[in-house]
Amino acid sequence: MRIPLDYYRILGLPIQATAQQLSQAYRDRTLQLPRREYSEAAIASRKTLLEKAYGVLSDPETREEYDAGLIAKAYQLQEQHPSVAGAPDTNQTVTGETVEAHTPTIEIDNDQLLGSLLILQELGEYELIIKLAQPLLEKGNSVGLSQGKLGDPQLVRPDVVLTLAIACLELGREEWQQGEYENAAMSLETGQQLLLQEGLFPSVRGEIQADLYKLRPYRILELLALPEEKAIERRKGLRLLQEMLQERRGIDGTGNDQSGLGIDDFLRFIQQLRGYLTSNQQQTLFEAEARRPSAVATYLAVYALLARGFAHREPALIARAKKMLMRLGKRQDVHLEQGVCALLLGQTEEASRALELSQEYEPLAFIREHSQNSPDLLPGLCLYGERWLQESVFPHFRDLA
Numbered sequence: 001m002r003i004p005l006d007y008y009r010i011l012g013l014p015i016q017a018t019a020q021q022l023s024q025a026y027r028d029r030t031l032q033l034p035r036r037e038y039s040e041a042a043i044a045s046r047k048t049l050l051e052k053a054y055g056v057l058s059d060p061e062t063r064e065e066y067d068a069g070l071i072a073k074a075y076q077l078q079e080q081h082p083s084v085a086g087a088p089d090t091n092q093t094v095t096g097e098t099v100e101a102h103t104p105t106i107e108i109d110n111d112q113l114l115g116s117l118l119i120l121q122e123l124g125e126y127e128l129i130i131k132l133a134q135p136l137l138e139k140g141n142s143v144g145l146s147q148g149k150l151g152d153p154q155l156v157r158p159d160v161v162l163t164l165a166i167a168c169l170e171l172g173r174e175e176w177q178q179g180e181y182e183n184a185a186m187s188l189e190t191g192q193q194l195l196l197q198e199g200l201f202p203s204v205r206g207e208i209q210a211d212l213y214k215l216r217p218y219r220i221l222e223l224l225a226l227p228e229e230k231a232i233e234r235r236k237g238l239r240l241l242q243e244m245l246q247e248r249r250g251i252d253g254t255g256n257d258q259s260g261l262g263i264d265d266f267l268r269f270i271q272q273l274r275g276y277l278t279s280n281q282q283q284t285l286f287e288a289e290a291r292r293p294s295a296v297a298t299y300l301a302v303y304a305l306l307a308r309g310f311a312h313r314e315p316a317l318i319a320r321a322k323k324m325l326m327r328l329g330k331r332q333d334v335h336l337e338q339g340v341c342a343l344l345l346g347q348t349e350e351a352s353r354a355l356e357l358s359q360e361y362e363p364l365a366f367i368r369e370h371s372q373n374s375p376d377l378l379p380g381l382c383l384y385g386e387r388w389l390q391e392s393v394f395p396h397f398r399d400l401a
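With the numbering used here, letter number 262 in the sequence shown gets 262, and the count goes up by one each step, no holes.
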C-alpha cells in the first residue's frame with residue numbers, strides 16, 4: 001500500500017539536509033521511542049521505516065535518484081497549480097484536492113502500516129491519522145483488521161486503537177490552543193468513547209478525562225456566549241455549569257471538579273459568565289445555589305431579583321431580594337442594599353433606618369452630599385440606588401446591559 005509520507009519527513013528533515021544532519025536525525029529518531037503502551041511489533045515497524053529512509057538517503061546515488069523524483073513531482077505540481085509557488089520543499093503541505101494527488105507517498109508493506117501511523121503521529125498529522133486509521137476498525141473494509149492483512153487482529157487492533165485515541169487527544173489539545181473549545185471536546189470525547197468501547201488503555205482514558213475536566217470552564221463560556229437563538233447549545237453550557245457546581249458543592253464550596261480552579265479562580269469564572277446569562281437565568285441558577293446554603297449565591301440571587309424586579313416592575317421580586325438580604329445581614333454589611341430595596345418598595349422609614357446602620361463610608365458620603373436641604377437622606381439614596389442599578393447591577397445581565 002502507499003502512504004502519504006516521504007523519507008525526509010520520516011526523519012523530520014528538509015530536502016536540503018546535509019549528510020551530517022541525516023545521521024544526527026536518524027540517531028535522534030531511533031532513540032526517541034513511542035509511548036510505552038505500544039506493542040513491540042509497532043515499535044519494530046517504526047524502526048524498519050526509519051532504517052529504510054536512512055538507507056535510501058545516506059547513500060549518495062540512491063538519494064540523488066530519490067531527490068530527482070521528488071523535485072520532478074514538485075515542479076509538476078507547480079505547473080498544474082500555479083498558485084503553489086516556491087522551491088520544492090517536502091515539509092510544505094498543500095490543502096484541498098492537490099493533497100490527494102500530489103503529496104509525496106511511499107510504498108510500504110502491510111506490516112509497516114503501524115510504523116507509518118506512529119511516524120505521522122510524531123509529525124503532528126492527527127487528522128490524517130484519523131482518516132487513515134478509522135476505516136481499519138470498520139467491519140467489511142478490504143484492508144480492515146478483521147481480514148488479517150495487517151497481522152494478527154488481536155495484536156494489531158490495540159495499536160491502531162491507541163494511535164487513534166492519541167490522535168484524538170492531541171487534535172483536541174490543538175483545537176483547545178486555537179480557542180475552539182467545543183471542537184476540542186468533540187475530539188477528546190471521540191477518543192474516550194473509542195477506548196471505552198474497546199475496553200483498552202485506562203491510563204490514556206484518564207489523560208483524556210483530565211483534559212475534559214480542565215476544558216469544561218472554557219466550553220461553558222464559549223457556549224453561553226452564543227446568540228440567544230442557539231438555545232440548545234446555551235442549555236448545554238448551563239448543564240455543564242451545573243455539573244461543575246454540583247461537584248464543587250456550590251460556588252464557594254470545597255468539592256473538587258478537577259478543573260484546577262481554586263475558590264478565587266472559580267469566583268472570577270462565575271463573574272465572567274454572568275454577562276452571558278439573562279436576569280431570569282441568573283435568578284433560577286443562583287436562587288437554587290443559595291439553598292445549599294451559599295452566601296455568594298445568595299448575594300448574586302439578590303442582584304438578579306432586584307434587576308428583574310426593577311426592570312419588569314415586579315415588586316414581589318424586590319421583596320424576595322429584601323428577604324434574602326436579611327439572611328445575609330447576619331454576617332455582612334448589606335444595609336445599603338436593604339435601603340435600596342425598601343425605597344423601591346415605598347418603605348421610606350425602613351430605608352432611612354437601614355442607612356443609619358450602614359458602615360460604608362463612600363456611598364454614605366455621596367448620599368449625604370445629594371440630600372442637602374432635605375430633612376432625610378432619601379433624595380441621595382434615590383440617586384445612589386438609580387446609579388447603582390445602572391452601573392453595578394444591570395451590566396451583569398445579558399438582557400439588561
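For glycine and all other residues, C-beta sits at the position ideal for the given N, C-alpha and C.
Secondary structure note for Arg327: its alpha helix (DSSP H) is the uninterrupted segment Pro315 to Leu328. Considering only Leu357, Tyr384 and Glu189, the residue with the shortest C-alpha distance to Glu369 is Tyr384. For Lys214, the enclosing alpha helix (DSSP H) stretches over residues Pro202 to Leu224.
By the neighbour-count criterion, in which a residue is buried when 16 or more other Cβ atoms sit within 10 angstroms of its Cβ, Met326 is exposed.
Counting along the chain, the unbroken alpha helix (DSSP H) around Asp28 starts and ends at Ala19 to Leu31. Close CB contacts of Phe269 within its chain, under the 7 Å cut and outside five residues either way in sequence, are with Pro217 and Leu261 (chain order). When the beta-carbon positions are compared, Leu240 and Arg274 stay at least 8 Å from each other. The beta carbon of Glu350 lies closer than 6 Å to those of Ala342 in the same chain, with the five residues before and after it left out. Collapsing the DSSP output to three states places Glu107 in a strand. If one requires a minimum length of 4 residues, the alpha helix (DSSP H) runs lying completely within the stretch 224 to 256 are 231 to 248, in chain order. Listed as beta-bridge partners of Arg173 by DSSP are no residues whatsoever. Looking at the backbone, the Cα of Glu243 and that of Glu362 are separated by about 39 Å.
Per DSSP, reduced to three states, the secondary structure at Ile3 is strand.
Secondary structure of Gly260 (DSSP, three-state): coil. Out of Asn110, Phe394, Ile15 and Arg27, the CA that lies nearest to the CA of Asn280 is found in Phe394. Setting aside the 5 residues that flank it on each side, Ile318 is surrounded in the same chain by Leu305, Leu306, Gly309, Phe310, Cys341, Leu344 and Leu345, each with a C-beta closer than 8 Å to its C-beta; the list follows chain order. Here the stretch 131 to 139 does not lie against the stretch 14 to 24, with fewer than 3 beta-carbon pairs under 8 Å apart.
Taking C-alpha positions only, Tyr7 is separated from Arg235 by approximately 50 Å. If you look at Ala297, you'll find it in the alpha helix (DSSP H) that goes Ala295 to Ala311.
Leu381 places its beta carbon less than 8 Å from that of Ile367. Distances from the alpha-carbon of Asp159 to those of Ala25, Leu118, Lys330 and Pro14 put Leu118 closest. Within the model, the alpha-carbon separation for Leu113 versus Gln193 is close to 24 Å. Taking 4 residues as the minimum length, the alpha helix (DSSP H) runs contained wholly in the stretch 109 to 168 are 113 to 122 and 126 to 133, in order along the chain. A direct Cα-Cα distance of roughly 10 Å separates Leu132 from Tyr126. Taken through DSSP and simplified to helix, strand or coil, Phe397 comes out as coil. Closest in alpha carbon position to Glu233, among Glu182, Ile106 and Glu207, is Glu182. Following the DSSP letters along the chain, one finds Tyr54 inside the alpha helix (DSSP H) bounded by residues Glu40 to Ser58. Bounds of the alpha helix (DSSP H) holding Glu182 are Tyr181 to Glu198. Judged by their CB atoms, Glu175 and Ala167 are not nearer to each other than the 8 Å cut-off. Boundaries of the alpha helix (DSSP H) around Ile367: Tyr361 to Glu369. By the neighbour-count criterion, in which a residue is buried when 16 or more other Cβ atoms sit within 10 angstroms of its Cβ, Gln121 is buried. Contact annotation: Leu378 and Ser352 have beta-carbon atoms nearer than 8 Å.
With a threshold of 16 other beta carbon atoms within 10 Å, Tyr75 falls short and is exposed. Ranked by how close their Cα comes to the Cα of Leu357, the residues Thr163, Gln332, Gln347 and Leu238 have Gln332 in first place. Rounded to whole angstroms, the gap between the alpha carbons of Ile3 and Thr163 is 16 Å. Non-local beta-carbon contacts of Pro104 in its own chain, meaning distances under 7 Å to residues more than five positions away in sequence, involve Asp6, Leu70, Lys73 and Thr90 in chain order.
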